[in-house]
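Protein chains in written order, with the working numbering: chain A, 14 to 129; chain B, 55 to 168.
Even for Gly, the Cβ is constructed at its ideal location relative to N, Cα and C.
A short write-up of the structure that comes next.
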Amino acid sequence: DAGVIQSPRHEVTEMGQEVTLRCKPISGHDYLFWYRQTMMRGLELLIYFNNNVPIDDSGMPEDRFSAKMPNASFSTLKIQPSEPRDSAVYFCASSRNTGGMNTEAFFGQGTRLTVV
Amino acid sequence: AQSVSQHNHHVILSEAASLELGCNYSYGGTVNLFWYVQYPGQHLQLLLKYFSGDPLVKGIKGFEAEFIKSKFSFNLRKPSVQWSDTAEYFCAVNGAGGYQKVTFGIGTKLQVIP
Chain A
14 DAGVIQSPRH EVTEMGQEVT LRCKPISGHD YLFWYRQTMM RGLELLIYFN
64 NNVPIDDSGM PEDRFSAKMP NASFSTLKIQ PSEPRDSAVY FCASSRNTGG
114 MNTEAFFGQG TRLTVV
Chain B
55 AQSVSQHNHH VILSEAASLE LGCNYSYGGT VNLFWYVQYP GQHLQLLLKY
105 FSGDPLVKGI KGFEAEFIKS KFSFNLRKPS VQWSDTAEYF CAVNGAGGYQ
155 KVTFGIGTKL QVIP
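Here it is in structure tokens:
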């Protein structure tokens, strides 16, 4: 398996523009997580899905952020409109539930977002 | 709610020194515990994990961690660090039962000086 695949790897956009980050989890994994990493706040969980259903989006900072998982092999994280403080590295991760406990999370390479 | 606390945010060691990074978690039930490593400019990779059984777990590159349930701790250790261990280290927890999210600590940056 190619692992968790994220695109794009880097994104530079102007304030106010819409940004869409994409993630393809590992095949067979039923959990998908979106994290944001910054120097100030470390690794924050934004939202996670189980079997394509959003379970907990309490980490999504504002209504400008939204995430979808239309099927088991694809998820998007959208920011509209983007602001400079959204600049961060966004990681997608996936895991599989075995016997009632999740396996470790496997991370994608991340998307480095810069909003100018 | 589950949470993870890492005590040291920045550690500087000389090569061959011993390493111990502290991690405490908060969760009332059965947990899985993890240590991840992030090398500069890269994504997080699993170092080791504890699910059950022997509380002393060994991971890659000579790292080990000990789960002490009474202290809610899962400290990471390595007897002799190398320059290539320079990275950021994250402790993580996920709890059993219901939906399971993985919560990370804020991370510890380790700098190893040759």
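CB contact flag (residue i, residue j, <7 Å)
i: Thr140/B; j: Gln99/B; result: no
i: Phe121/B; j: Pro109/B; result: yes
i: Gln93/A; j: Glu31/A; result: yes
i: Arg131/B; j: Glu74/B; result: yes
i: Leu45/A; j: Ser86/A; result: no
i: Leu126/A; j: Leu90/A; result: no
i: Val85/B; j: Gly161/B; result: no
i: Val129/A; j: Asp99/A; result: no
Cβ-based burial, residue i [other Cβ within 10 Å; buried from 16]
i: His42/A; result: buried
i: Trp137/B; result: exposed
i: Pro38/A; result: buried
i: Tyr93/B; result: exposed
i: Ile60/A; result: buried
i: Met28/A; result: exposed
i: Asp76/A; result: exposed
i: Arg49/A; result: buried
i: Gln60/B; result: buried
i: Glu96/A; result: exposed
i: His97/B; result: buried
i: Met52/A; result: exposed
i: Ser71/A; result: exposed
i: Asn129/B; result: buried
Residue i - DSSP class collapsed to helix/strand/coil
i: Arg109/A; result: coil
i: Asp99/A; result: helix
i: Ile160/B; result: coil
i: Ile39/A; result: coil
i: Gly55/A; result: strand
i: Lys91/A; result: strand
i: Lys103/B; result: strand
i: Ser138/B; result: helix
i: Ser124/B; result: helix
i: Gly29/A; result: coil
i: Pro21/A; result: coil
i: Tyr81/B; result: coil
Span of the beta strand (DSSP E) around residue i
i: His64/B; result: His64 to Ser68
i: Phe46/A; result: Tyr44 to Thr51
i: Ile68/A; result: Val66 to Asp69
i: Ile114/B; result: First-last for Ile114/B: undefined, no H or E at that position.
i: Ala71/B; result: Unbroken run through Ala71/B: none, as it is neither H nor E.
i: Pro168/B; result: Neither: Pro168/B is in no beta strand (DSSP E) and is coded neither H nor E.
i: Tyr90/B; result: Val85 to Gln92
i: Thr127/A; result: Thr124 to Val128
7 Å Cβ cutoff, residue i in contact with chain B
i: Leu59/A; result: no
i: Leu45/A; result: no
i: Phe62/A; result: no
i: Ser120/A; result: In the sequence on display, residue 120/A carries Phe and not Ser. It does: the Cβ of Phe120/A has a partner Cβ on chain B nearer than 7 Å.
i: Asn65/A; result: no
i: Leu90/A; result: no
i: Gly55/A; result: yes
CB contact below 7 Å: residue i versus chain A
i: Phe121/B; result: no
i: Leu100/B; result: yes
i: Ile167/B; result: no
i: Asn78/B; result: no
i: Lys155/B; result: yes
i: Ile160/B; result: yes
Min CB distance residue i to chain E below 7 Å
i: Glu24/A; result: Within the model displayed, chain E is absent; protein chains A and B are what it includes.
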